[in-house]
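Inspection log for the structure reproduced underneath, given as structure tokens.
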Amino acid sequence: MAKYTIVMSLVPWLILAAAMAAVLLADRLARRRLPAAALSAVWLGAIPVGIALGFGVWLHLAYAGHWFGLVGGKISALGPHSRRPMLEYTAGYLLELSLSADNIMLLVLLIRSFNVPLASQGFVLFWAILGSMILRTALILTGLALLLKIPALLYAMGLFVLAAGIAMFFETDGEERLGQWLIRLLSRRLPVQDAYEGRRLIVRRAGRRYATPLLIVLVLLAVMDMVFALDSIPAIFGITRDPLIVVSSNLFAVLALQSLFFILAPLVDRLRYLQTGLAVILLFIALKILLAPLARLVGYRGHPHIGTGGALAFISAVLAAAILASLLNPKRANS
Numbered sequence: 039m040a041k042y043t044i045v046m047s048l049v050p051w052l053i054l055a056a057a058m059a060a061v062l063l064a065d066r067l068a069r070r071r072l073p074a075a076a077l078s079a080v081w082l083g084a085i086p087v088g089i090a091l092g093f094g095v096w097l098h099l100a101y102a103g104h105w106f107g108l109v110g111g112k113i114s115a116l117g118p119h120s121r122r123p124m125l126e127y128t129a130g131y132l133l134e135l136s137l138s139a140d141n142i143m144l145l146v147l148l149i150r151s152f153n154v155p156l157a158s159q160g161f162v163l164f165w166a167i168l169g170s171m172i173l174r175t176a177l178i179l180t181g182l183a184l185l186l187k188i189p190a191l192l193y194a195m196g197l198f199v200l201a202a203g204i205a206m207f208f209e210t211d212g213e214e215r216l217g218q219w220l221i222r223l224l225s226r227r228l229p230v231q232d233a234y235e236g237r238r239l240i241v242r243r244a245g246r247r248y249a250t251p252l253l254i255v256l257v258l259l260a261v262m263d264m265v266f267a268l269d270s271i272p273a274i275f276g277i278t279r280d281p282l283i284v285v286s287s288n289l290f291a292v293l294a295l296q297s298l299f300f301i302l303a304p305l306v307d308r309l310r311y312l313q314t315g316l317a318v319i320l321l322f323i324a325l326k327i328l329l330a331p332l333a334r335l336v337g338y339r340g341h342p343h344i345g346t347g348g349a350l351a352f353i354s355a356v357l358a359a360a361i362l363a364s365l366l367n368p369k370r371a372n373s
């Protein structure tokens, strides 16, 4: 009986893995027929978003029918099950998708500064996304395990999200300085040649190995994604601590990165208020996490709480306002 229960509890994770594989397979098949243009990217973006929304519907039905041991309020080995799975999944997915936009802005800057050939951009994005999925899953599961043992750690994460929001609001250039330091470090370990050689990461010349610029770009993307993950993963813990919802909403948002890159790349220079909007969202999530201890600190005896529905509405409104303001008041060429 115990073995049967363990196997049944793994089924939702296997369904999630199958949905991820379906996204990657459908995306790969579609890209063979469509060019990497913005209009094509819109259609390709419908693949991960559509499958992500379909998984959210399945999640709602699974919790409503108590399939595979998914019962609201139940405490599993990794964390509590959600009582409002569809609402928390949608809010978490939108939060991670919006924070991915800042990641895309960095992707665009890196690919522009290194002049990555168009033919190699899909290769770079694919491996960057795959590495990001592995890294984020490990960070999420570690974070959930720590929160089960030390619940107060959530408030430390709230302070971290607060600091990240303030840093983003003032547009600090910490990521740029980190990137420059990594380039210098890699250049000392392995000589870097100037020319690209297709999709090759390392080449051999006169008996000596050289890194191509493509390897530098991949390493930079992996490290930068770790930096962004340290912001976004504590933020989603402010929405939900259901392990299946946290992992699935995060990974589905990452899978949409490749299509979002080709959609947003031509618009990066025009979306001048997007980073400010993302900073406001992070500050709001920090407030949601820290509201209860702040209330106790000032002597308030009630139980203040920002609901998931309110959080979803706020994130949607801020994103829409930031995009609309950017389109109505675009950055001038000389600014």
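At position 259 of the sequence shown the residue is numbered 297 (the working numbering), and the sequence of numbers has no breaks.
The C-beta atom is built at its ideal place from N, Cα and C for all residues, glycine as well.
Just so it is clear, the structure is predicted and the values come from calculations on it, not from any experiment.
Selected residue, minimal CA-CA separation from residue i, among the options
i    : options                   : result
L5   : T175, R334, A157 and I204 : As displayed, the chain neither begins before 39 nor continues past 373, which places residue 5 out of reach and without an answer.
A55  : A84, F93 and G88          : F93
S138 : A260, L295 and S120       : L295
N153 : L357, I323, D269 and I254 : I254
L325 : Y311, P342, V257 and T314 : P342
P118 : L99, F275, F198 and Y338  : F275
A351 : I323, A84, H98 and R334   : I323
L293 : L82, S47 and D280         : L82
A84  : L328, L298, P331 and L316 : L298
L366 : R310, L133 and Q231       : R310
G315 : I361, I271, I283 and L329 : I361
I113 : Y127, W105, L332 and R279 : R279
G345 : S47, M58, D65 and R122    : R122
P86  : L97, S120 and A57         : A57
Y234 : Y193, Q159, P304 and A349 : Q159
L328 : L156, R237 and A190       : A190
V230 : R237, L252 and A244       : L252
P281 : G348, G181 and A244       : G181
L179 : P331, Q313, L332 and W51  : W51
Beta strand (DSSP E) segment containing residue i, residue limits
i    : result
Y248 : R246 to A249
Reduced DSSP secondary structure (H/G/I, E/B, other) of residue i
i    : result
R66  : helix
A76  : Residue confidence is low: A76 scores 49 on pLDDT, short of 50, so the model does not pin down where it sits. Its coordinate-derived value is still stated next. Correct three-state label for A76: helix.
P118 : strand
I361 : helix
I344 : coil
V95  : helix
P356 : Per the sequence shown, the amino acid found at residue 356 is Val instead of Pro. It is helical.
V230 : strand
Residue range of the alpha helix (DSSP H) that includes residue i
i    : result
V241 : Where V241 is concerned, there is no enclosing alpha helix (DSSP H), although the beta strand (DSSP E) it sits in stretches over I240 to R243.
R388 : With the chain covering only 39 through 373, there is no way to say anything about residue 388.
F207 : L191 to F207
F322 : L312 to L335
V146 : P123 to S151
The ligand MG heavy atom lying under 6 Å from the CB of residue i
i    : result
L135 : In terms of ligand content, the structure shown is empty, and the ligand MG therefore cannot be addressed.
Legend entry - Segments assigned alpha helix (DSSP H), at least 4 residues, entirely inside the stretch 243–306: 251–275, 281–293 and 295–302
Inset, instruction - Check whether the stretch 132–149 touches the stretch 100–110, taking contact to mean three or more Cβ pairs, one atom from each stretch, closer than 8 Å. - result: no
Inset, instruction - Inspect the CB distances between the stretch 300–309 and the stretch 124–134 and report whether three or more fall short of 8 Å. - result: no
Legend entry - At least three beta-carbon pairs within less than 8 Å, the stretch 163–178 to the stretch 89–103: no
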